[in-house]
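S.K.: When the letters of the sequence shown are read in order and numbered with this note's numbering, they come out as residues 4 to 313.
Idealized CB from N, CA, C, for every residue including glycine.
These numbers come from a predicted model, not from an experiment.
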Amino acid sequence: MSLDRLIEKIAETQNPTVVGLDPKLEYVPEFIKAAAFAEHGETLKGAACAILEFNKGIIDAIYKEVPAVKPQLAFYEMLGVDGIKAFYETCEYARARGMYIIADGKRNDIGSTAEGYAAAYLGKVQIGANEFEPFPVDSLTVNGYLGSDGIEPFTEICEEYDKSIFVLIKTSNPSSWEIQDKMIDNTPVYEVMGELCGNWGLQSLGKYGFSAAVGAVVGATYPKQIAEMRAKLPFIFFLIPGYGAQGGKGEDLKAAFDSRGLGGIVNSSRAVMCAWQKEKCDENDYASAALREVLRMKNELINIIGEIKI
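1. So, for residue 277: in the same chain, excluding its five sequence neighbours on each side, which residues have a beta-carbon less than 7 Å away from its beta-carbon?
2. What does DSSP give as the partner residue(s) for residue 190 in the beta ladder?
3. Pop quiz: residue 244 and residue 223 are said to be a contact at Cβ under 8 Å. What is the actual Cβ separation, rounded to whole angstroms?
4. According to DSSP, simplified to helix, strand and coil, what is residue 129?
5. Can you tell me the Cβ-Cβ gap for residue 168 and residue 157, rounded? I've got them flagged as a contact below 8 Å.
6. Looking at residue 286 and residue 26, is the spacing between their C-beta atoms short of 8 Å?
7. Assuming residue 106 contacts residue 55 under a Cβ cut-off of 8 Å, what Cβ separation, rounded to an integer in Å, is found between them?
8. Give a yes or no on whether the minimum CB-CB distance between residue 243 and chain D is below 8 Å.
9. Quick check on residue 271: buried or exposed, where buried means 16 or more other Cβ atoms within 10 Å of its Cβ?
10. Mapping the DSSP letters down to three states, classify residue 264 as helix, strand or coil.
11. If you follow the alpha helix (DSSP H) that residue 173 is in, where does it begin and where does it stop?
12. Could you check whether residue 284 and residue 292 sit closer than 8 Å to each other, using their CB atoms as the reference points?
13. Is residue 75 helix, strand or coil when you go by DSSP?
14. For residue 134, I'd like the list of residues in its chain whose CB is within less than 8 Å of its CB, leaving aside the five on either flank, ordered along the chain.
15. Assess contact between the stretch 231-245 and the stretch 41-51, defined as three or more Cβ pairs (one per stretch) separated by less than 8 Å. Is contact present?
16. Take the Cβ of residue 137 as the centre, count every other Cβ of all protein chains shown within 10 Å, and call the residue buried at 16 or more, exposed below.
17. Near residue 80, which residues of its chain fall below 7 Å by C-beta distance, leaving aside the five closest residues on each side in sequence?
18. Starting from residue 304 and walking both ways along the alpha helix (DSSP H), at which residues does that stretch end?
19. Indicate whether residue 226 and residue 274 have their beta-carbon atoms separated by less than 8 Å.
20. Helix, strand or coil: which one does DSSP assign to residue 8?
21. According to DSSP, residue 270 sits in a beta bridge with which residue or residues?
22. What is the rounded straight-line gap between the Cα of residue 246 and the Cα of residue 131?
23. Spatial neighbours of residue 255 within its chain, please: CB distance less than 7 Å, with the 5 preceding and 5 following residues excluded, ordered by chain position.
24. Tell me the residue span of the alpha helix (DSSP H) that contains residue 47.
25. Hey, could you find the ends of the alpha helix (DSSP H) residue 40 is sitting in?
26. What does residue 110 pair with, by DSSP beta-bridge criteria?
27. In the DSSP assignment, what are the bridge partners of residue 105?
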């Protein structure tokens, strides 16, 4: 089952982290951009090819140490059709190296539109006598604030194709309090969403005590809410953004994990992609710098949560 497979990869690598592949051109070394622009010009296609090459280098450096990657769709969509192709090929490349792939698109709608999103990112599409997988991903972030009829198409596809979703509960951005902390009958909105997420997740419990199809997004920048949601949702696996560049700290995350070291996967994006710039190392060493940051983060978290056991 989908999140069971992620948990097994986390235990295998002893690393509860996911690398966010959210590339901007300014993160990409000049030698990669120069080669792409020489072939395709300073165009959307040139930019997309540079980003794809950059991603491949990072994946090659980290795949033995990191269980998952999380490409953020916005950074690919902004480059049009060539960017979407770079997203597809990034996912395909990571899959070939055995990584679990979380597409960060925060998709949702209702009815046939939700069914379309679910089929695109988690399912398959029938064309005549043939069936195609539009995007090679394992999981998708979704916005649950449309209610159950916006989630059911996703959970149905997850069950059919062994995929998973991560539902937004308490996001890591500073202004999330404007809505998510508002009270409904003396209960914060994020807690109401957490209860709904728990109900959806109970329908697909896996062999490690967590839902195998439904996880939750809970930001590292809100350690109090992480602890609250872990207490209320012991069977929901967390995707934890906001570590590193957004200000989340490793010591704030201990409450997300149980005595086995299980319970969540912590995302880092800019700190990994831009490690070569922070180190001020040779740009040709960018992938090795990404690996050094990955190992630093891994060691910090393992020192906090202990050995991961399944």
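M.R.: So, to answer that:
1. On the sequence shown, position 274 is the one that residue 277 refers to. Cβ within range, chain order: 30.
2. Here the question's residue 190 lines up with position 187 in the sequence shown. DSSP output for residue 190 lists 187 as bridge partner(s).
3. Your numbering for residue 244 matches position 241 in the sequence shown. Your numbering for residue 223 matches position 220 in the sequence shown. Indeed, because the Cβ distance is near 7 Å, the residues count as touching under 8 Å.
4. For the purposes of this step, residue 129 is taken as the residue at position 126 of the sequence shown. Residue state, collapsed to three classes: strand.
5. Working through the sequence shown from its first residue, we reach residue 168 at position 165. Working through the sequence shown from its first residue, we reach residue 157 at position 154. The pair is a contact, with the Cβ atoms about 5 Å apart (cut-off 8 Å).
6. Start at 1 with the first residue of the sequence shown, and residue 26 comes out as number 23. Start at 1 with the first residue of the sequence shown, and residue 286 comes out as number 283. In this structure, residue 286 does not lie closer than 8 Å to residue 26 by Cβ.
7. Taking the first residue of the sequence shown as 1, we reach residue 106 at position 103. Taking the first residue of the sequence shown as 1, we reach residue 55 at position 52. The pair is not a contact, with the Cβ atoms about 16 Å apart (cut-off 8 Å).
8. Of the chains in the structure shown, none is chain D; there is only one protein chain.
9. Within the sequence shown, numbered from 1, the residue matching residue 271 stands at position 268. Residue 271 is buried by the Cβ-count criterion.
10. Locating residue 264 in the sequence shown gives position 261, counting from the first residue. Residue state, collapsed to three classes: coil.
11. To locate residue 173, count along the sequence shown from 1; it is residue 170. Counting along the chain, residue 173 falls outside any alpha helix (DSSP H), though it belongs to the beta strand (DSSP E) covering 167-173.
12. The residue labelled residue 292 in the question sits at position 289 within the sequence shown. The residue labelled residue 284 in the question sits at position 281 within the sequence shown. Contact: yes.
13. The residue given as residue 75 occupies position 72 in the sequence shown. If DSSP states are grouped into helix, strand and coil, residue 75 belongs with the strands.
14. Within the sequence shown, the letter at position 131 stands for residue 134. Cβ neighbours of residue 134 beyond the five flanking positions: 127, 128.
15. Contact fails: fewer than three Cβ-Cβ distances are below 8 Å.
16. Against the sequence shown, residue 137 aligns to sequence position 134. It counts as exposed.
17. Locating residue 80 in the sequence shown gives position 77, counting from the first residue. Residues of the same chain with a CB within less than 7 Å of the CB of residue 80, apart from the 5 flanking positions on each side, are 86, 87 in chain order.
18. For the purposes of this step, residue 304 is identified with residue 301 of the sequence shown, where counting begins at 1. Counting along the chain, the alpha helix (DSSP H) containing residue 304 begins and ends at 289-308.
19. The residue given as residue 226 occupies position 223 in the sequence shown. The residue given as residue 274 occupies position 271 in the sequence shown. Their beta carbons are not under 8 Å apart, which means residue 226 does not touch residue 274 by this criterion.
20. On the sequence shown, position 5 is the one that residue 8 refers to. Helix.
21. By 1-based counting over the sequence shown, the position of residue 270 is 267. DSSP lists 21 as partners of residue 270.
22. On the sequence shown, position 243 is the one that residue 246 refers to. On the sequence shown, position 128 is the one that residue 131 refers to. Going by the C-alpha atoms only, they are around 45 Å apart.
23. Within the sequence shown, numbered from 1, the residue matching residue 255 stands at position 252. 223, 226.
24. For the purposes of this step, residue 47 is taken as residue 44 along the sequence shown, with counting starting at 1. From DSSP, the alpha helix (DSSP H) with residue 47 extends over 47-65.
25. By one-based count along the sequence shown, residue 40 stands at place 37. Start and end: 33-43.
26. Taking the sequence shown and counting its residues from 1, the one referred to as residue 110 is at position 107. Beta-bridge pairing links residue 110 to 145.
27. As a working note, residue 105 is residue 102 in the sequence shown. Paired residues: 142.
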